[in-house]
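Colleague: If you scroll down you'll find the structure; I have some questions about it.
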Amino acid sequence: MSGASARPLLIDCARQQLRVIGALIIREMHTRFGRRRLGYLWVFLEPLLLGAMIALIHGSRGRFSGETMRATFEFFAIGYILFFKFRGIINRAATTISANRGLLYHRQVTLPDLFYARHIIEAVACTGVLIVFVIAAVALGGDAPDSPMQMIVALGLMLLLSQGLALMIGAATTEWEGLDRFVHAFSYVMLPFCGVFFMVEWLPEWMREIVLWIPTVHIFEFLREGQFGDKVKATYDLGYVAGWILVPHLLGLAGLRLARQRIGLE
C-alpha cells in the first residue's frame, strides 16, 4: 500500500463546491444590497417594478388578441421578467472576475463559481416575481397558466442561455476590458428583437424567418404557449435553443480555464 492519501469522493467535492457557491451568494447579496435584510427586498422589487411599468405602458396599446388590458398586462409583464433576467446576467458578466479577483486566491473558489452565484440570485428573484404576477393575474379574474411546468422550463432555458453567454463574456473581458460597454449597448439594442414584445405569428412572413435566428425568440414563444395555451400559435425549436446553450457553455468554460492561468493566481 502506498502512503498516498485517498482521493476525495465526488459527492464530497460537490458538497464543498455547493458550500462555496452558497458563501459567494451571501457575499454578493451583502455587496449589492447591504447587510440590512430590508435591502434584500430590492432584488425582488427591481424586476417587479420594471416589469409592471413596462406592462402598463405597452399593455395599454392592446396589441394582444382579445384586446383586454388584463391580457396584455399578463403578456408583457411576464415576458419582460425573462428579458430582465437575460439582461441582468449578461450585463454583470464583464465585472464578475474583476469584482471578485481577491477571492481567487482561495483554491476552492473557481471562476465558474463566481458566475453561478450571481446567476442563482437573478434566477431566484425573477422566478419569485413571475409567480407574483401570475397569482395577481388570476386573483384579478384572469385565467391560470395553461402549463405552469412549461413556463418553468422556459425560465430554465433562459437562465442557461444567459449563463452560457455570460461565461463567454467573462472570459473575453480578461483580454478586452472595453467589451462591457459593447455588451451593455447590445442588451438594449436587442430589446425590440428578442421576442418580449411580439409573437412570431404577428409578423410578416419575411420577418419571421429573420427573428427565428434569434434564440431568445424561441424561448419567449415556448413561454407564451405554456402561459396562454391554444390562445396563441407558438413557433419554436428547442433543439436550436439547446445548441445555443451547449456551445457557449463549452466555449465559456474553456475560456475561463485559460483566463485563470493568464491572471496568474495559480
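Under the UniProt record's numbering, the residue at position 39 of the sequence shown is numbered 39, and the numbers go up by one with no gaps. Just so you know, even glycine gets a beta-carbon here, dropped at the ideal spot from N, CA and C. Bear in mind that the values here come from a model prediction, so they are computed numbers and not experimental data.
If you draw a straight line from the alpha carbon of F220 to that of L256, how long is it in whole angstroms?
Modeller: Here the question's residue 220 lines up with position 220 in the sequence shown. Here the question's residue 256 lines up with position 256 in the sequence shown. Their Cα atoms are separated by approximately 29 Å.
Colleague: Since Q150 and E28 are thought to touch, with beta carbons under 8 Å apart, how far apart are those beta carbons, to the nearest angstrom?
Modeller: Numbered from 1 along the sequence shown, position 150 holds the residue referred to as residue 150. Numbered from 1 along the sequence shown, position 28 holds the residue referred to as residue 28. Actually they are not in contact, since the Cβ atoms of Q150 and E28 sit about 30 Å apart, beyond 8 Å.
Colleague: Take A254 as the anchor and find which of A52, L161, V211 and L167 has the nearest alpha-carbon.
Modeller: As a first step, residue 254 is located in the sequence shown; it is residue number 254 there, counting from the start. Looking at the Cα atoms, L167 is the closest of the given residues.
Colleague: What ranges does the alpha helix (DSSP H) occupy inside the segment 114–160, keeping only unbroken runs of at least 4 residues that lie completely in it?
Modeller: Listed in chain order, there is nothing to give.
Colleague: Using 10 angstroms around the beta-carbon of K233, count the other beta-carbons present and answer buried if the total reaches 16, otherwise exposed.
Modeller: Residue 233 sits at position 233 when you count from the first residue of the sequence shown. Exposed.
Colleague: Considering Y236, what are the terminal residues of the alpha helix (DSSP H) in which it resides?
Modeller: As a working mapping, residue 236 is identified with position 236 in the sequence shown. It is not in any alpha helix (DSSP H) - Y236 carries neither H nor E in the DSSP assignment.
Colleague: Kindly indicate which residue of R101, F198, T110 and V241 has the alpha-carbon position closest to the one of I78.
Modeller: As a first step, residue 78 must be located in the sequence shown, where it is residue number 78. Of the listed residues, the one whose Cα sits closest to I78 is F198.
Colleague: Assign Q261 to buried or exposed, taking buried as 16 or more other Cβ atoms, counted over all protein chains shown, within 10 Å of its Cβ.
Modeller: Taking the first residue of the sequence shown as position 1, residue 261 is located at position 261. Exposed, since its Cβ has fewer than 16 Cβ neighbours within 10 Å.
Colleague: Quick check: is any heavy atom of the ligand HEM less than 6 Å from the C-beta of A77?
Modeller: Questions concerning the ligand HEM fall outside what the structure shown contains, since it holds no ligand whatsoever.
Colleague: Note down the Cα distance separating R15 from L56, rounded to an integer number of angstroms.
Modeller: The residue you call residue 15 lines up with position 15 of the sequence shown. The residue you call residue 56 lines up with position 56 of the sequence shown. Looking at the two C-alpha atoms, the distance is approximately 44 Å.
Colleague: DSSP on F198, reduced to helix/strand/coil?
Modeller: The residue given as residue 198 occupies position 198 in the sequence shown. Coil, per DSSP.
Colleague: With a threshold of 8 Å, are at least 3 pairs of Cβ atoms found where one atom belongs to the segment 105–116 and the other to the segment 183–190?
Modeller: Counting Cβ pairs under 8 Å, fewer than three are found: no touch.
Colleague: Taking only three categories from DSSP, how would you classify S178?
Modeller: For the purposes of this step, residue 178 is taken as residue 178 along the sequence shown, with counting starting at 1. It should be pointed out that residue 178 corresponds to Gly in this sequence rather than to Ser. Three-state result, G178: coil.
Colleague: Thinking C-alpha only, which one of E177, T235 and P215 is nearest E205?
Modeller: The residue you call residue 205 lines up with position 205 of the sequence shown. The shortest C-alpha separation from E205 is found at T235.
Colleague: Quick one: give me the first and last residue of the alpha helix (DSSP H) that I219 is part of.
Modeller: Here residue 219 refers to the residue found at position 219 of the sequence shown. P215 to F228 is the span of the alpha helix (DSSP H), which, as asked, contains I219.
Colleague: Quick check: what's the CA-CA separation for A52 versus A172?
Modeller: Within the sequence shown, numbered from 1, the residue matching residue 52 stands at position 52. Within the sequence shown, numbered from 1, the residue matching residue 172 stands at position 172. Going from the Cα of A52 to the Cα of A172 covers about 34 Å.
Colleague: Under the three-state reduction of DSSP, which class applies to M207: helix, strand or coil?
Modeller: In the sequence shown, the residue the question calls residue 207 occupies position 207. If DSSP states are grouped into helix, strand and coil, M207 belongs with the helices.
Colleague: Alpha carbon to alpha carbon, how far is E74 from V132? Give it in angstroms, no decimals.
Modeller: On the sequence shown, position 132 is the one that residue 132 refers to. On the sequence shown, position 74 is the one that residue 74 refers to. Rounded to whole angstroms, V132 to E74 spans 11 Å at the Cα level.
Colleague: Take every Cβ of the segment 187–197, pair it with every Cβ of the segment 43–52, and state whether three or more of those distances are shorter than 8 Å.
Modeller: In short, these stretches do not touch, since the Cβ pair count stays below three.
Colleague: Whose C-beta lies closer than 7 Å to the C-beta of S187 among residues of the same chain, with five residues either side of it excluded?
Modeller: The residue given as residue 187 occupies position 187 in the sequence shown. For S187, where only same-chain residues beyond five positions count, the Cβ hits under 7 Å are R87, I90 and N91.
Colleague: Here's a check: name, in chain order, each residue in its chain whose Cβ is nearer than 6 Å to the Cβ of M207, leaving out the five neighbours to either side.
Modeller: On the sequence shown, residue 207 is found 207 positions in, with the first residue counted as 1. Answer for M207: no residue qualifies.
Colleague: Measuring CB to CB, does A123 end up less than 7 Å from L159?
Modeller: What you label residue 123 is simply residue 123 of the sequence shown in a count that begins at 1. What you label residue 159 is simply residue 159 of the sequence shown in a count that begins at 1. Yes, the Cβ-Cβ distance between A123 and L159 is below 7 Å.
Colleague: Leaving out the 5 sequence neighbours to the left and right, which residues in its chain are closer than 7 Å to F228 when beta-carbon positions are compared?
Modeller: Numbered from 1 along the sequence shown, position 228 holds the residue referred to as residue 228. So the list reads D146, once near-sequence residues are dropped.
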